[in-house]
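S.K.: All residue numbers for the sequence shown refer to UniProt numbering, where the first residue is 1 and numbers rise by one.
From the three backbone atoms N, C-alpha and C, an ideal C-beta is built for every residue, glycine too.
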Amino acid sequence: MCTENYDPYYPDRPVVDQYIPVWAKHPGLGSKPAFIWADDQAAGGSGVSPRETLTYSELDSAVQRMAAGLLEVLRRGDTVLVLASPGIRLVKLMFACQRAGLVAVPVIPPDPSVIGTPAEGPAHRHLLRAVSQARPRAAVADAGYVGAVTRSSVSALASLNWVSVDRLERWPAAASTVAAAGDGVYEGCGPRETYLVQYTSGATGDPKPVVITAGAAAHNARAARKAYDLRPGSVVVSWLPQYHDCGLMFLLLTVVSGATCVLTSASAFVRRPRLWLELISEFKATCTPVPSFALPLVLRRGRSEHGTRPLQLQTLRNLILVNEPIYKSSVDEFLEEFGPAGLRASSISPSYGLAENCTFVSTAWRGTEVTLPSYKKLLPSARLPQPSLLTEAPDLEIVVVDAETGKPVEDGVEGEIWLSSPSNGSGYLVDSPASREVFGARLQGRAGPCFVRTSDLGVVHGTERYLYVLGRTTDAIVVADSQRRVPAHYIETAAFESSPGRLRGGCIASFTTLPASPSPVVVVAELQNGGGGGDMAGICHGIRQAVWREVGVTVARVVLAESGGVPKTTSGKLQRGAARAKLLAGKLPKVIEARYAGLEPAAGVLMVKESASRWARLQSPL
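(1) Using the C-alpha atoms, what's the distance from ARG576 back to ALA441?
(2) If you reduce the DSSP assignment to three classes, tell me which class LEU622 lands in.
(3) Measuring straight from C-alpha to C-alpha, what distance separates PRO14 and ARG222?
(4) If you follow the beta strand (DSSP E) that TRP365 is part of, which residue opens it and which one closes it?
(5) In the segment 173-234, which residue ranges form an unbroken beta strand (DSSP E) of at least 3 residues, counting only runs that do not cross its ends?
(6) For SER292 versus ASN323, is the C-beta spacing smaller than 8 Å?
(7) Residue range of the beta strand (DSSP E) that HIS244 falls in?
(8) Quick one, are the C-beta atoms of GLY565 and GLU526 less than 8 Å apart?
(9) Where do the N-terminal and C-terminal ends of the alpha helix (DSSP H) with THR570 fall, by residue?
(10) Which of the three DSSP states is assigned to GLY427 in this structure?
(11) Would you tell me roughly how many angstroms separate the C-alpha atoms of PRO601 and VAL591, rounded to the nearest one?
(12) Compute the Euclidean distance between the alpha carbons of GLU437 and HIS126, then round it to the nearest angstrom.
(13) So does the segment 96-113 actually touch the segment 61-79, counting three or more Cβ pairs closer than 8 Å?
(14) Starting from the N-terminal side, write out each stretch of the alpha helix (DSSP H) that is 4 residues or longer and does not extend beyond the segment 51-99.
(15) With DSSP as the reference, identify every bridge partner of PHE511, one or two as the case may be.
(16) Would you call the segment 107-116 and the segment 146-157 in contact, with 3 or more CB pairs under 8 Å?
(17) Could you give the distance in angstroms between the alpha-carbon of VAL553 and the alpha-carbon of PHE439?
(18) Quick check: what's the CA-CA separation for ARG383 versus PRO394?
(19) Counting only the same chain and skipping the five closest in sequence on each side, list residues whose C-beta sits under 7 Å from that of LEU343.
(20) So which of SER519, GLU333 and VAL103 has the shortest CA-CA distance to TYR195?
(21) Quick check: PHE511 and ARG595, are their CB atoms within less than 8 Å of each other?
(22) What are the partner residues of residue 637, as DSSP defines its beta bridges?
(23) Give me, in chain order, the residues of the same chain whose beta-carbon lies closer than 6 Å to that of SER563; leave out the 5 immediate sequence neighbours on both sides.
(24) What do you get for ASN424, buried or exposed, if any count of 16 or more other CB atoms within 10 angstroms of its CB means buried?
(25) Residue range of the alpha helix (DSSP H) that THR288 falls in?
(26) Indicate the three-state DSSP secondary structure (helix, strand or coil) for residue 623 in the structure shown.
(27) How about the segment 385-393 and the segment 248-255: do they share at least three Cβ pairs that are nearer than 8 Å?
(28) Just the Cα atoms here: how many angstroms apart are TRP239 and ILE491?
(29) DSSP on HIS124, reduced to helix/strand/coil?
(30) If the criterion is Cβ atoms closer than 8 Å, does the pair ALA141 and LEU83 meet it?
(31) Are there 16 or more other CB atoms within 10 angstroms of the CB of PRO289, so buried, or fewer, so exposed?
(32) From the DSSP output, read off the bridge partner residues of PHE451.
(33) Could you spell out the range, first to last residue, of the alpha helix (DSSP H) harbouring ILE115?
(34) For ILE108, does the three-state DSSP call read helix, strand or coil?
(35) For ALA382, does the three-state DSSP call read helix, strand or coil?
(36) Should GLU404 go down as buried or exposed, given a rule of 16 or more other Cβ atoms within 10 Å for buried?
Right, here's the structure in full:
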């Protein structure tokens, strides 16, 4: 699947920043909005929704000025932490780093008021991790944030060279000595030079820093543009966090396509999920990316009773679903609910991506199918070519492999997904055996380029050779009685469907007490706010029965936790290993726990409560 120059009338540039002046100088596109920041008018209580618009011409000028300001305190090739608040200024800053030839490390800015105190959370630890691993020469943040951090007692932060993004935005154009991206020799990041250090989600362990070259990022954006058929007339709506790989990729994809991207914050979506659909309607969006777990959330809190603005979704060509697993039933329910508003089945674009490949890997979307096939309740994330029909080496190669031998398996056999592409990351920032194992894999008995090991379990199925991503190999439950490996999400889905009115969707974690080994299976489920009271023991028993009935797995312990008790990454992914650690350390905010022996509840089972103000301890048999 060659992505280079597939459209002879479309510009092709080696790095993303070099597309900006192409559109800025185009007579029909220079004044067109590149990015629009949209706040939620319903949350503000007024009838007018605040908007901030940035045209391509304005973007080019702002990037030029900010790049010059950065080079007043940094040298080309330096590493800089990027902590500006999400919004238009963060967009400008990310492209300014590329034009200045700097290595950008985007990190979500944690609350500065609690840095160095016991109230620190995962975001604070991640910031210190990034400082330790990336060793930045400077950090860029909002002026108020800079003031708070420089007063911090944490020497690793206070000693950094902090730069105010407010100052960079006011940098005079006349002071710029940086060659413009479209003027002769480009002085920004070259295709083989590192542009970005992006962290993995941390769903299965500590987040890892992936090194991305400017050329790999541009290749990835071009591949995604071709896959989704984006053009200057396309309109993207995204609430994905701009610090994460997928949210950042859609900034790059917008510029490569010459499209318009309407942005809002992830927190605005969480407060009012219907906002996402309202923005699609208002701006007549053609493309929108969301994690697959967003669909059930919108179905619960985004229906007509949660807003008065009418929905018009018929312009949508790509409803891009990321973050496996992608359940067919969830998509079908979403289509049934919002089909009357114009949402078409042909717009459903289940996709696959990971930070080790910049972001985008593949999609099963073709724009014509009304329905896609399913395998074990899941939708496919790619359609692979027939090997016999290939006349040249593919640009992207996806292979399902026996992880023990490194040998490709036959279609229909499950294995680990490996991929080789010019979009592959260069490795983890800290060179280690793990980095070489992930980025230097080779197929057994075959010469050629290295592959990236994804740690994702997949299968190629059917005559159309659809690829199904079944889940993370590290999260698979090893069933003691049969040595089966069951992806954890099947157990979690069965648990949720046993009591959907009482449990929080996407907030249920299953794991064994010992990782990657046959040991008792545990299900931890968050109760909905206000979902306490009633027959708690009955909910636990229902979870256990549903998992046995639907998945054939015996659950030994069921824990009902308070809302927010199950650990998640900043991108919303479950951290099952962290949930196990919290449970075993006694730090999980339990409401009640049931322990079982065999297929029936044990006599005298102890129901453990942790919230004395809400329930009394139950010590009677179930």
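M.R.: So, to answer that:
(1) The sequence position of residue 441 within the sequence shown is 441, counting from 1. The sequence position of residue 576 within the sequence shown is 576, counting from 1. For ALA441 and ARG576, the distance between alpha carbons rounds to 26 Å.
(2) Indexing the sequence shown from 1 puts residue 622 at position 622. The pLDDT assigned to LEU622 is 32, lower than 50, so where the model puts this residue is not dependable, and the model offers no usable value.
(3) If you number the sequence shown from 1, residue 14 lands on position 14. If you number the sequence shown from 1, residue 222 lands on position 222. Cα-Cα distance, rounded: 10 Å.
(4) Translated into the one-based positions of the sequence shown, residue 365 becomes position 365. Neither: TRP365 is in no beta strand (DSSP E) and is coded neither H nor E.
(5) Taking only runs of at least 3 residues, the beta strand (DSSP E) segments lying wholly in the segment 173-234 are 194-199 and 209-213.
(6) Locating residue 292 in the sequence shown gives position 292, where the first residue counts as 1. Locating residue 323 in the sequence shown gives position 323, where the first residue counts as 1. Contact flag set, yes.
(7) Sequence index remark: in the sequence shown, residue 244 carries index 244 (1-based). It is not in any beta strand (DSSP E) - HIS244 carries neither H nor E in the DSSP assignment.
(8) Position 565 of the sequence shown holds residue 565. Position 526 of the sequence shown holds residue 526. Result yes, Cβ atoms of GLY565 and GLU526 sit closer than 8 Å.
(9) For the purposes of this step, residue 570 is identified with residue 570 of the sequence shown, where counting begins at 1. That residue, THR570, is in no alpha helix (DSSP H); it is neither H nor E in DSSP.
(10) As a first step, residue 427 is located in the sequence shown; it is residue number 427 there, counting from the start. The answer is strand: DSSP assigns GLY427 an E or B state.
(11) Counting from one through the sequence shown, the residue named residue 601 turns up at place 601. Counting from one through the sequence shown, the residue named residue 591 turns up at place 591. Interpretation of PRO601 is limited by its pLDDT of 47, a score under 50 that renders its predicted location unreliable; no figure is taken from the coordinates.
(12) Taking the first residue of the sequence shown as 1, we reach residue 437 at position 437. Taking the first residue of the sequence shown as 1, we reach residue 126 at position 126. Roughly 24 Å between the two C-alpha positions.
(13) yes
(14) 56-73 and 88-99
(15) By 1-based counting over the sequence shown, the position of residue 511 is 511. Paired residues: VAL522.
(16) In short, these stretches touch, since the Cβ pair count reaches three.
(17) Taking the sequence shown and counting its residues from 1, the one referred to as residue 553 is at position 553. Taking the sequence shown and counting its residues from 1, the one referred to as residue 439 is at position 439. So the alpha carbons of these two residues sit roughly 34 Å apart.
(18) Taking the sequence shown and counting its residues from 1, one reaches residue 383 at position 383. Taking the sequence shown and counting its residues from 1, one reaches residue 394 at position 394. Spanning the two alpha carbons is a distance of roughly 13 Å.
(19) In the sequence shown, residue 343 corresponds to position 343, counting from 1. These residues qualify, in order along the chain: LEU313, LEU316 and LEU335.
(20) On the sequence shown, residue 195 is found 195 positions in, with the first residue counted as 1. Selected option, being the one with the closest Cα: VAL103.
(21) Taking the sequence shown and counting its residues from 1, the one referred to as residue 511 is at position 511. Taking the sequence shown and counting its residues from 1, the one referred to as residue 595 is at position 595. Against a cut-off of 8 Å, the Cβ pair of ARG595 and PHE511 comes out as no contact.
(22) In the structure as shown, the chain starts at 1 and stops at 622, and residue 637 therefore has no counterpart that could be examined.
(23) The residue given as residue 563 occupies position 563 in the sequence shown. Here the set comprises GLU526 and ASN529.
(24) Here the question's residue 424 lines up with position 424 in the sequence shown. Flag for ASN424 reads buried.
(25) The residue given as residue 288 occupies position 288 in the sequence shown. Here THR288 belongs to no alpha helix (DSSP H); instead the beta strand (DSSP E) covers 287-291.
(26) This structure gives no information on residue 623, because the portion of the chain shown stretches from 1 to 622.
(27) no
(28) Within the sequence shown, numbered from 1, the residue matching residue 239 stands at position 239. Within the sequence shown, numbered from 1, the residue matching residue 491 stands at position 491. One C-alpha to the other measures close to 29 Å.
(29) In the sequence shown, residue 124 corresponds to position 124, counting from 1. Helix.
(30) Here residue 141 is taken as the residue at index 141 of the sequence shown, counted from 1. Here residue 83 is taken as the residue at index 83 of the sequence shown, counted from 1. For ALA141 and LEU83, yes; Cβs fall inside 8 Å.
(31) Counted from its first residue, the sequence shown places residue 289 at position 289. Counting Cβ neighbours within 10 Å, PRO289 comes out buried, since at least 16 surround it.
(32) Here residue 451 refers to the residue found at position 451 of the sequence shown. For PHE451, which the question treats as bridged, DSSP gives the partners ALA441.
(33) Sequence index remark: in the sequence shown, residue 115 carries index 115 (1-based). Per DSSP, ILE115 belongs to no alpha helix (DSSP H) and is neither H nor E.
(34) One-based indexing of the sequence shown puts residue 108 at position 108. It is coil, neither helix nor strand.
(35) Working through the sequence shown from its first residue, we reach residue 382 at position 382. The answer is strand: DSSP assigns ALA382 an E or B state.
(36) The residue you call residue 404 lines up with position 404 of the sequence shown. GLU404 should be labelled exposed.
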